[in-house]
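Step one of this worksheet: look at the structure below.
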Amino acid sequence: MDAAYSYRETLLASTRVSWRLEDVLAPSDRLDFSAPFLPESLAHTASLAALSSAERLTLNQLRGYSYLRLFGLVEEFILPFVLDHARSRVDAEDAEVRALLQFASEEAKHIELFKRFAAAFREDFRTPVEVIGPARDIADAVLEHSQLGVALAVLHIEWMTQQHYVEAVKSASLEPLFKRLLHHHWLEEAQHAKLDTLIAHKVAEPLGSAEIQQGIADYQRIVRLLGSGLDRQAELDLEALSRASGRDFPREAQAEILAAQRRSYHRTFIDAGREHPKFRRTVAQISRA
Ligand SMILES: [Fe+2]
Ligand SMILES: [Fe+2]
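Right, here's the structure in full:
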């Protein structure tokens with residue numbers, strides 16, 4: 010077990026930081042489309058020579074939109090995964106059961122928050138924006154894998170969220186409502202990363218070395234699955250940008266934007282989780298055991 014975290018402490022922390030949906034995004038809240046949504050280190054739009062500065066800003070905002078929609082999408086498989094695990098731990102200590110249920114409840118709240126954000130975004134963006142999916146199909150494809158594989162994929166995502174907020178979002182000057190949303194999400198995700206570390210250890214506990222290896226291989230399969238979704242998302246963003254700016258980009262410009270944005274998606278969503286030292290530490294502990 011990872012002795013660094015406890016269910017009781019994460020439960021207390023989650024009660025302390027807990028927020029209501031209405032306090033973060035009220036129905037009357039409007040987004041400010043004169044500001045960037047994501048820091049440059051997550052969106053990588055500033056150096057795209059084929060775009061005007063207004064188009065770079067629009068692409069940044071489209072990346073902000075897809076950022077939260079993609080979170081909503083992965084949380085659609087995190088929620089059933091955590092609920093299934095909580096069901097299997099119903100006879101555990103009170104603090105563990107409560108912490109797991111709190112985790113699930115917060116993810117359900119985040120899913121709703123991101124849907125509300127998406128509606129607010131679309132209301133003022135004017136032209137259609139699209140995200141990969143449907144979320145249910147992606148969730149089913151992920152949940153087909155072993156429990157350990159899914160636990161590691163969730164852990165990857167939770168630590169990635171922490172890294173994004175602490176190293177990129179926190180000090181950046183961004184659209185205020187979007188930044189507030191990321192701040193509140195991060196507050197609760199900090200507990201999820203710890204809880205999912207405990208879950209991954211619990212799931213790995215009864216497994217033999219062949220099953221552990223299978224779990225790690227499954228994690229890699231899930232990452233590849235998400236990676237191909239991200240490649241497709243970069244295309245959808247480019248189509249949305251073309252609609253929003255009212256121009257068809259020359260073929261060469263399209264290829265350049267697509268290649269750079271695919272690299273960006275992979276750095277932001279894959280490398281940041283897979284290379285996170287705390288994620289790697291858990292994988293090392295589990296595979297050593
Ligand atoms: Fe979340
Ligand atoms: Fe989470």
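Residue 10 is where the sequence shown starts when you use the numbering used here, and the numbers rise one by one after that.
Backbone N, C-alpha and C fix where the C-beta goes; we use that ideal spot for every residue, glycine too.
Presumed contact (8 Å Cβ cut-off) between residue i and residue j, rounded CB distance
i           : j           : result
residue 108 : residue 16  : 4 Å
residue 120 : residue 84  : 5 Å
residue 105 : residue 88  : No, residue 105 and residue 88 are not in contact; Cβ-Cβ is about 18 Å, not under 8 Å.
residue 164 : residue 288 : 6 Å
residue 166 : residue 282 : 6 Å
residue 46  : residue 69  : 6 Å
residue 137 : residue 256 : About 16 Å; that fails the 8 Å criterion.
residue 183 : residue 268 : Not really, about 26 Å apart at Cβ, beyond 8 Å.
residue 250 : residue 67  : 6 Å
CA nearest to the CA of residue i, picked from the options
i           : options               : result
residue 54  : 166, 270 and 192      : 270
residue 133 : 39, 286, 254 and 150  : 39
residue 24  : 251, 289, 88 and 201  : 201
residue 154 : 267, 222 and 286      : 222
residue 194 : 36, 135, 171 and 284  : 171
residue 144 : 255, 18, 192 and 78   : 78
residue 169 : 192, 148 and 198      : 198
residue 31  : 273, 123 and 180      : 123
residue 247 : 296, 265 and 278      : 265
residue 175 : 67, 51 and 91         : 51
residue 3   : 20, 86 and 188        : A question about residue 3 goes unanswered here, because the residues of the chain that appear run from 10 up to 298.
residue 254 : 14, 37, 276 and 60    : 60
residue 74  : 129, 203, 235 and 276 : 129
residue 118 : 235, 29, 186 and 65   : 29
residue 90  : 149, 18, 62 and 173   : 149
residue 294 : 100, 236, 285 and 210 : 210
residue 232 : 215, 188, 279 and 147 : 279
residue 80  : 22, 181 and 147       : 147
residue 292 : 276, 227, 272 and 245 : 227
residue 341 : 263, 235 and 290      : Outside the displayed span of the chain (10 to 298) sits residue 341, for which this structure offers no information.
residue 27  : 196, 259, 262 and 245 : 196
residue 82  : 57, 101 and 139       : 139
residue 259 : 58, 192 and 62        : 58
Own chain residues within Cβ distance below 7 Å of residue i, not counting five before or after
i           : result
residue 205 : 160, 163, 164 and 167
residue 126 : 34, 77 and 190
residue 296 : 221 and 225
residue 98  : 105, 106 and 109
residue 274 : 239, 242 and 243
residue 92  : 113
residue 285 : 168, 169 and 172
residue 203 : 14 and 19
residue 111 : 20 and 23
residue 65  : 54, 55 and 57
Same chain, Cβ closer than 6 Å to residue i, five either side skipped, listed in chain order
i           : result
residue 177 : 48, 50 and 51
residue 72  : 47 and 52
residue 156 : 212
residue 219 : none
residue 263 : none
residue 181 : 48
residue 245 : 139
Sequence-distant residues of its chain with Cβ nearer than 8 Å to residue i (five each side left out)
i           : result
residue 135 : 253
residue 230 : 154 and 158
residue 272 : 53
Residue i CB to nearest heavy atom of ligand 3 below 7 Å
i           : result
residue 176 : Ligand 3 is not among the ligands present in this structure, which contains only ligand 1 and ligand 2.
Taking the runs of the alpha helix (DSSP H) that are 4 residues or longer, which of them lie wholly in the stretch 135–190? Restricting attention to alpha helix (DSSP H) runs no shorter than 4 residues, the stretch 135–190 encloses them at 144–152 and 156–173, ordered along the chain.
Practice item. Please list the segments of the alpha helix (DSSP H) lying wholly inside the stretch 64–98, counting only runs of 4 or more residues, in order along the chain. Key: If we require 4 residues or more, the stretch 64–98 turns out to have no alpha helix (DSSP H) run fully inside it.
- Message: Runs of 3 residues minimum, wholly inside the stretch 176–263: which ones carry the beta strand (DSSP E) assignment?
- Response: Scanning the stretch 176–263 from its first residue to its last, no whole beta strand (DSSP E) run of 3-plus residues comes out.
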